[in-house]
Amino acid sequence: MKKLVDKFGRQITYLRLAITDRCNLRCQYCMPAHGIDIVDRKDLLSYKEMYRITRVLSELGVNKVRLTGGEPFVRKDFINFLESLSFNDHLDQINITTNGALISKHISKLEELGINAVNLSLDTLNADKFKQITRRDIFDETMQTLDQLLASELTLKLNVVILPGVNTNEIGDFIALTKNKNIAVRFIEEMPFNGVGLRKTDEVWNLNRIFKEAEKYFTNIIPLDDKKSSTSKNFKIKGYRGTFGIIPAFTRTICGDCNRIRITSTGMFKNCLFDDGVFNIRDFIRNGASDDDLKELFIKTVQQKPINGFVAEANRKNKKVSESMSTIGG
Ligand code: SF4
């Protein structure tokens with residue numbers, strides 16, 4: 007089997023595929039209140055195209071797929087697409103990132119399909135703040151979904167974007183969730199992908215600052231051995247069931263063994279979260295590319311993967327990093 011290896015010897019085994027640019031929430035750190043200019047439906051990859059792209063990449067060694075958005079469950083027939091993906095024997099892991107607003111009625115089906123993990127985006131445990139951050143009033147429903155996911159077979163991770171001055175005082179509360187719950191709480195450094203660009207704030211909450219805050223509440227923090235290509239630095243409070251981690255997404259100290267590529271909902275291939283897209287796969291496919299053409303293209307394009315997110319950012323055509331995360335897929 008040919009593999010996807012970049013010029014730094016990093017093998018690409020993980021695809022983050024965005025199902026749609028649409029979302030039912032309006033999170034402050036992702037998009038403006040009025041939302042984003044969503045693309046025309048015909049410009050979104052079809053499920054057939056997504057399935058083919060994933061199959062071809064899996065024949066080049068990609069064995070893990072994360073489905074993101076926007077919000078993947080807002081797209082009609084998403085469950086059917088998941089079912090088709092579950093028949094791909096090359097895939098060891100199929101994971102989903104969701105805001106949880108629409109997933110609850112599908113949980114048993116996800117278990118049936120063998121979906122491995124669900125990452126639930128939840129940035130506060132306070133109803134008023136939830137409404138402030140997401141501009142939607144569905145805190146109770148989201149907390150019910152959290153309990154349903156905890157009771158399910160699915161591996162559950164909580165994604166908490168750290169927003170200076172908004173939820174930094176809840177870091178202790180989130181870690182406290184791991185006492186009796188088998189959950190992995192991951193704190194994510196805020197990024198500029200919000201439709202506006204880097205927020206002017208005098209408070210920088212990076213990995214070290216977030217960890218220092220955790221130390222204020224917990225003395226017996228045990229560092230865990232991180233798996234190769236892990237996106238987070240992980241820890242456990244002695245005697246607690248769950249774990250917590252910190253994703254240095256903005257300080258980008260995890261690039262050394264990055265094994266990820268991204269494909270946006272409009273088919274843009276990204277070698278790195280911080281680049282502004284390398285190639286549009288959708289158009290290539292719609293112009294009649296064969297599977298071998300696709301494989302050759304993927305192998306060649308991964309060769310251009312930058313050594314880290316800073317180089318990726320420096321090489322952007324559009325220098326301003328501000329596109330909404332809803333157009334990338336996280
Ligand atoms: S910033 Fe880019 S290179 Fe670094 S870990 Fe993220 S995707 Fe990989």
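My numbering numbers the first residue of the sequence shown as 7 and each following residue consecutively. We put the beta carbon where it would ideally sit given N, CA and C, even for glycine. This structure is a prediction, so every number in the text was calculated from the model and none was measured.
Give the straight-line distance between the Cα atoms of residue i and residue j, rounded to the nearest whole angstrom.
i	j	result
residue 205	residue 237	23 Å
residue 246	residue 293	54 Å
residue 241	residue 249	6 Å
residue 149	residue 306	44 Å
residue 278	residue 317	10 Å
residue 130	residue 172	9 Å
residue 168	residue 102	21 Å
residue 146	residue 108	13 Å
residue 154	residue 110	7 Å
residue 233	residue 260	12 Å
residue 122	residue 70	10 Å
residue 228	residue 127	25 Å
residue 212	residue 284	28 Å
residue 119	residue 220	36 Å
residue 271	residue 59	12 Å
residue 253	residue 42	26 Å
residue 209	residue 255	16 Å
residue 144	residue 137	8 Å
residue 83	residue 54	12 Å
residue 243	residue 218	14 Å
residue 79	residue 192	22 Å
residue 301	residue 336	24 Å
residue 77	residue 125	12 Å
residue 311	residue 275	11 Å
residue 179	residue 197	23 Å
residue 334	residue 142	22 Å
residue 309	residue 14	9 Å
residue 327	residue 281	9 Å
residue 11	residue 75	26 Å
residue 61	residue 94	7 Å
residue 38	residue 296	39 Å
residue 49	residue 273	9 Å
residue 81	residue 134	28 Å
residue 152	residue 132	14 Å
residue 263	residue 158	32 Å
residue 170	residue 215	11 Å
residue 25	residue 51	8 Å
residue 99	residue 22	12 Å
residue 47	residue 7	35 Å
residue 230	residue 239	8 Å
residue 92	residue 68	14 Å
residue 303	residue 195	33 Å
Thinking C-alpha only, which one of the options is nearest residue i?
i	options	result
residue 27	34, 308, 45	45
residue 97	192, 107, 73, 239	73
residue 235	225, 176, 139, 258	258
residue 156	178, 231, 170, 184	184
residue 66	298, 313, 174, 30	298
residue 202	47, 181, 57, 331	331
residue 329	195, 199, 11	199
residue 225	181, 263, 231, 33	181
residue 222	104, 135, 48, 174	174
residue 177	151, 30, 81, 251	251
residue 106	194, 51, 29	29
residue 33	313, 100, 139	139
residue 36	166, 216, 92	166
residue 9	64, 23, 230	64
residue 104	313, 195, 31, 57	31
For residue i and chain E, any beta-carbon pair shorter than 8 Å?
i	result
residue 141	Looking at the structure shown, chain E is missing, and only one protein chain is on hand.
Note to self: Check whether the segment 287-295 and the segment 319-331 are in contact - that is, three or more C-beta pairs closer than 8 Å.
What the structure shows: no
Margin query: With a threshold of 8 Å, are at least 3 pairs of Cβ atoms found where one atom belongs to the segment 85-103 and the other to the segment 114-121?
Written below: yes
Check: With contact counted as at least three CB pairs below 8 Å, one residue from each stretch, are the segment 265-272 and the segment 10-29 in contact?
Finding: yes
Check: Do the segment 155-163 and the segment 186-193 touch if we need at least three Cβ pairs shorter than 8 Å?
Finding: yes
Check: Could you name the residues, in chain order, whose CB is less than 6 Å away from a heavy atom belonging to the ligand SF4?
Finding: 258, 260, 261, 264, 266, 278, 279, 280, 314, 315, 318
Item checked: Within the segment 180-264, ranges of the beta strand (DSSP E) (whole runs, at least 3 residues) -> 190-195, 227-229, 239-243, 249-253
Notebook entry, point to check: What are the uninterrupted segments assigned as alpha helix (DSSP H) that are 4 or more residues long and contained completely in the segment 21-106, given in chain order?
Noted result: 53-64, 84-91
Check: Mind pulling the beta strand (DSSP E) runs of 3 or more residues that sit fully within the segment 266-329?
Finding: 266-269, 274-276
Margin query: At 4 residues or longer, what runs of the alpha helix (DSSP H) sit wholly inside the segment 116-142?
Written below: 133-140
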